[in-house]
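Worksheet: one structure, shown below.
Residue numbers (our numbering): 32 to 602.
If you want it as structure tokens, here you go:
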């Protein structure tokens, strides 16, 4: 177990190995200092406090104690500071590694896994894993400390030490049994913590729906079920820990009672002094500490390994595949979708689908929900690998183009609006550098300047979690301004107005038309009145292309599009 954990920990200890080694060595210095202080107990009681010692001897003993205390101060400070520093840096590095890994995972991973579980791994498991560094040092250090204190006990009185050695194995046995039981519960405890984190995150993010549908009780019941599960296994661990402690204290009391009886006869017979006895008791008390810490370290190692397994489940996942080598710098001619068949599971969402989009064209994808419109947008962005067929840009297959460069060509305005809990400026620039004039132009084109300029803090206004301080129409206009600032070749409008009221939709639609200009536009539309002037309209049904043409062409006969258009007008 220790070898496996060292292999897991080493990559994260390595950058701080000098500090970790120094902290490790200082632990032995501290043990030696404690042992030396205990060693001074005998002469202090037998000579210094008995009245038989000279003033010089008393001052010498006092000076030695003071010197040991002075040395102990920096040694203890740097030992624990460096231990904490290395542990916190490991925790920080592990969290960064996990978060970076999550950023590189394919979209399919997020479709299949709970967000709360990811949060639990990044926040909880990473911390538990980092804490096992200290446990690893304890596993090596505490037996050495135990031997030092046992040596002091033997030095004080070997016969009394034999009494302790008789009951000593009982201490070890209790710690080992309790440690095994605690480790056996750790998987369930960490699983419960992950589920608890998930339900908490889900409950907070769904607060609007919860209030709108009066689901507070339903959400609380889900949370409390996960809380009960976590509590159940946490209390199993607590029960084992709290049963072990009184057992240890009982055995300790029995052992100490026997020691007092034996010590009485030995002191009376002159075989040992009061100083010997006090020194022995001090060594005995110190001996209990490494035994207890060694047992606790074993438990923490088990927790660390369980956390490492959960961490590795993420780190070992296959990342988003990017085999492209070509760096596309612009879109100059045509996007071609050729006989694409694609599904998220066993059922195909797109079936033998083809279309072509010329540079500067504005095309629309229409159809009932589930017909494959948004799926095509996802495929164009390279969010899913193609299983059958091909998509090319200027004759280059998407699989040949670097994903980062491919996505630079597209500007997305989606129904799924996302704004960071940050200022309007940061949400528009998202890491880029733009002048105030460029930002203002983007706001004007997107019809967002009319409300942004009225805000007391203007561009420095914090929009709240996912833009909660703004209306839906205001949020969407900011995402349109963001797309305008990116100045991409191709604009993707994925039902950008579907969640808006009529008034907001009109403003947002004007903004979409404003930023489109002469750019190539691929729009997924639910209100067909907004695409009447588009160059081509592609009608999808059950994943297949069933019609294409202009609005007038498609309305001139009893087409699928005409039925959809009439339904749209009624809606």
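All C-beta atoms in this analysis are idealised placements derived from N, C-alpha and C, irrespective of residue type, glycine included.
This structure is a prediction, so every number in the text was calculated from the model and none was measured.
Using a threshold of 8 angstroms, state whether the C-beta atoms of residue i and residue j are closer than that.
i           : j           : result
residue 413 : residue 429 : yes
residue 520 : residue 551 : yes
residue 527 : residue 507 : yes
residue 390 : residue 367 : no
residue 170 : residue 332 : yes
residue 510 : residue 540 : no
residue 66  : residue 196 : no
residue 164 : residue 44  : yes
residue 155 : residue 224 : yes
residue 477 : residue 546 : yes
residue 398 : residue 452 : no
residue 575 : residue 383 : yes
residue 151 : residue 228 : yes
residue 512 : residue 459 : yes
residue 348 : residue 160 : no
residue 40  : residue 194 : no
residue 61  : residue 107 : yes
residue 36  : residue 426 : no
residue 579 : residue 590 : no
residue 559 : residue 599 : yes
residue 313 : residue 72  : yes
residue 168 : residue 275 : no
residue 446 : residue 525 : yes
Assign residue i to one of three DSSP states: helix, strand, or coil.
i           : result
residue 432 : strand
residue 359 : coil
residue 144 : coil
residue 585 : helix
residue 427 : strand
residue 580 : strand
residue 568 : strand
residue 352 : coil
residue 560 : helix
residue 380 : coil
residue 575 : strand
residue 520 : coil
residue 472 : helix
residue 485 : coil
residue 599 : helix
residue 182 : helix
residue 234 : helix
residue 303 : coil
residue 123 : helix
residue 461 : coil
residue 477 : coil
residue 375 : coil
residue 549 : coil
Among all the DSSP beta bridges, which residues are the ones paired with residue i?
i           : result
residue 525 : 445 and 555
residue 421 : 369
residue 337 : Beta-bridge pairing links residue 337 to no other residue.
residue 396 : 555 and 569
residue 57  : In the DSSP output, where bridge partners are listed per residue, residue 57 has none listed.
residue 389 : 365
residue 454 : 493
Taking the alpha-carbon of residue i as reference, which of the options has the nearest alpha-carbon?
i           : options               : result
residue 53  : 97, 113, 42 and 87    : 113
residue 401 : 342, 555, 260 and 108 : 555
residue 111 : 149, 128, 280 and 59  : 59
residue 278 : 108, 323 and 234      : 323
residue 462 : 427, 426, 421 and 516 : 516
residue 502 : 150, 487 and 536      : 536
residue 46  : 100, 69 and 118       : 118
residue 490 : 455, 469 and 465      : 455
residue 549 : 558, 453 and 565      : 565
residue 95  : 222, 494, 70 and 341  : 70
residue 315 : 377, 176 and 251      : 176
residue 174 : 321, 302, 230 and 72  : 321
residue 379 : 406, 250, 334 and 514 : 406
residue 282 : 298, 258 and 319      : 319
residue 375 : 350, 62 and 415       : 415
residue 473 : 525, 543 and 524      : 543
residue 131 : 351, 479 and 578      : 351
residue 211 : 327, 136 and 301      : 327
residue 213 : 293, 90, 232 and 337  : 337
contact_flag[the region 351-367, the region 436-444] where n(CB pairs < 8 angstroms) is 3 or more: The way I'd put it, the region 351-367 does touch the region 436-444; three or more beta-carbon pairs between them come closer than 8 angstroms.
Cβ contact (3+ pairs, closer than 8 angstroms) linking the region 263-270 and the region 214-222: yes
Cβ contact check for the region 181-201 and the region 119-133: 3 or more pairs under 8 angstroms: no
Segment contact, 8 angstroms Cβ cut-off, at least three pairs: the region 560-577 with the region 408-428: They do not touch, by the three-pair rule.
Given 8 angstroms, three or more beta-carbon pairs between the region 369-385 and the region 417-426: The region 369-385 vs the region 417-426: in contact.
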